[in-house]
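Engineer:
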Amino acid sequence: MPELPEVEIFKQVADSCRGGIINHVSIADPAILDGISAKDLEQRLKGQRVRSTRRRGKHLFLELSGGGTLAMHFGMNGSLKRVSEGEPDPSYARLQIYFEKGDRLAYINPRRLGRVGLAENAEAFIAKTELGPDVLDATFDSHSFAAILAGSKRDIKSVLMDQALMAGIGNIYSDEILFQARLFPGTVANQLKGKKATCLYRAMRKTLETAINSGAGSERGVERLPKEFLLTQRRPGGRCPHCGAPLETVKHAGRTSYYCPRCQAN
DNA sequence: TTAAGTGTTGCTCT
DNA sequence: AAGAGCAACACTTA
Numbered sequence: 004m005p006e007l008p009e010v011e012i013f014k015q016v017a018d019s020c021r022g023g024i025i026n027h028v029s030i031a032d033p034a035i036l037d038g039i040s041a042k043d044l045e046q047r048l049k050g051q052r053v054r055s056t057r058r059r060g061k062h063l064f065l066e067l068s069g070g071g072t073l074a075m076h077f078g079m080n081g082s083l084k085r086v087s088e089g090e091p092d093p094s095y096a097r098l099q100i101y102f103e104k105g106d107r108l109a110y111i112n113p114r115r116l117g118r119v120g121l122a123e124n125a126e127a128f129i130a131k132t133e134l135g136p137d138v139l140d141a142t143f144d145s146h147s148f149a150a151i152l153a154g155s156k157r158d159i160k161s162v163l164m165d166q167a168l169m170a171g172i173g174n175i176y177s178d179e180i181l182f183q184a185r186l187f188p189g190t191v192a193n194q195l196k197g198k199k200a201t202c203l204y205r206a207m208r209k210t211l212e213t214a215i216n217s218g219a220g221s222e223r224g225v226e227r228l229p230k231e232f233l234l235t236q237r238r239p240g241g242r243c244p245h246c247g248a249p250l251e252t253v254k255h256a257g258r259t260s261y262y263c264p265r266c267q268a269n
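Numbering (the numbering used here), first residue to last: 4 to 269.
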């Protein structure tokens, strides 16, 4: 679930904790830590404040008042929740940041495929991880997007999901974006030039923005998406919201793509 | 009961 | 060098 729209919602959750002084940190599962021990992380966080938050693709950064940035990734599932004092721990809360006021921020990660680490700053983490530009960043315009497509002979679905080329899109939203753009997932990227590339770029931005505004990542997020979204039907037996044809699936690199065989012509 | 499937990423092998 | 296969993990579905 956590692709760009969901992580953007988690960012808003983290923002609501800005300014609070961290009293202590509880790490229920050190396996989700990346490159730092539980003890060191607690030492580094204690007494600090979350000064600001940033997002790049599917990564969330909590920038600390005294330097250092907590870098979070949510894996194939996972979320961030603000928990009030006295409320029980959410299931699968692997790490919790307790604030002096009593509330806390819970990093939830059932499958333990996500990671939390401490970097000097977001830029350093981004460079090390080789993350491409965030697809919703204002500087990532249709020309930058078209240039990436022109430089790849791979299928468009893989290119959209390649975090080193552009960051934020995963299996779910790439299906939705290609559906909105009426493109077959196996279309070769460098065949999408000019108007076609621009059309796909606009579909990408609009789809992600719509998902964020629909409260993606909150509970029942999919049901709150517009009914013309493929995602509302993205399951075995689902039908195209546009023409009613049964959806079909193809596999690329082990990932299942859903598409409408009539609206997304090969 | 068991096995296969799943929203991600990163490694290995070709 | 790009792309396939698989492993990491926990849970759900067939």
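Cβ atoms here follow ideal geometry from the backbone N, Cα and C, with glycine treated the same way. For clarity, every value in this text was computed on a predicted model and none was experimentally measured.
Span of the alpha helix (DSSP H) holding N216?
Structural biologist: Start and end: G197 to N216.
Engineer: Tell me where the alpha helix (DSSP H) around A153 begins and ends.
Structural biologist: S145 to A153 is the span of the alpha helix (DSSP H), which, as asked, contains A153.
Engineer: I need the DSSP call for N269, collapsed to helix, strand or coil.
Structural biologist: Residue state, collapsed to three classes: coil.
Engineer: Helix or strand or just coil, what does DSSP make of T190?
Structural biologist: T190 falls in the coil class under three-state DSSP.
Engineer: Residues in its own chain within less than 7 angstroms of D37 by CB, not counting five upstream and five downstream?
Structural biologist: So the list reads R118, V119 and G120, once near-sequence residues are dropped.
Engineer: Of the residues I175, G197 and K230, which one's Cα is nearest the Cα of Y262?
Structural biologist: Checking every option, the nearest Cα to that of Y262 belongs to I175.
Engineer: Could you spell out where the alpha helix (DSSP H) holding E47 opens and where it closes?
Structural biologist: Looking at the sequence itself, residue 47 is Arg, so the reference to Glu does not match. It spans A41 to L48 - the alpha helix (DSSP H) in which R47 sits, taken as one unbroken run.
Engineer: Which class does N26 belong to by DSSP, given the choice of helix, strand or coil?
Structural biologist: Note: N26 maps to strand in three-state DSSP.
Engineer: Taking its Cβ as the centre, do 16 or more other Cβ atoms sit within 10 Å of P8, making it buried, or is it exposed?
Structural biologist: It is buried - the Cβ of P8 has at least 16 other Cβ atoms within 10 Å.
Engineer: Quick one, which of T72, S145 and M75 has its alpha-carbon nearest R208's?
Structural biologist: Closest by alpha carbon: S145.
Engineer: On a Cα-Cα basis, can you pick out the residue from D137, P136 and G189 that is closest to D158?
Structural biologist: When each option's Cα is compared against that of D158, the closest is G189.
Engineer: A206 and I180: beta carbons closer than 8 angstroms?
Structural biologist: Result yes, Cβ atoms of A206 and I180 sit closer than 8 angstroms.
Engineer: Run through DSSP, which three-state label would R223 get?
Structural biologist: Below a pLDDT of 50, predicted positions are generally treated as unreliable, and R223, at 47, falls in that range; the measurement from the model is reported next regardless. Coil at R223, not helix or strand.
Engineer: When the distance is taken between beta carbons, is R54 closer than 8 angstroms to S68?
Structural biologist: Yes; because the gap between Cβ atoms is below 8 angstroms, this pair is in contact.
Engineer: Quick one: residues in its chain with C-beta nearer than 6 angstroms to the C-beta of F128, no 5 flanking neighbours on either side, listed in chain order?
Structural biologist: Contacts found: A74 and A122.
Engineer: Compare the beta carbon distance of P136 and G81 with 8 angstroms and say whether it is the shorter of the two.
Structural biologist: Contact flag unset, no.
Engineer: Using only alpha-carbon positions, find the residue among R114, G89, R57 and D106 that is nearest to E126.
Structural biologist: Nearest C-alpha to E126: R57.
Engineer: Return the first residue and the last residue of the alpha helix (DSSP H) that Y176 is part of.
Structural biologist: That run of the alpha helix (DSSP H) goes N174 to Q183.
Engineer: Taking the continuous alpha helix (DSSP H) assigned at M164, which residues delimit it?
Structural biologist: Taken as a continuous stretch (DSSP letters only), the alpha helix (DSSP H) holding M164 covers I159 to M164.
Engineer: Can you name, in chain order, every residue of its own chain whose Cβ lies under 6 angstroms from the Cβ of V253, other than the five neighbours on each side?
Structural biologist: Around V253: S260.
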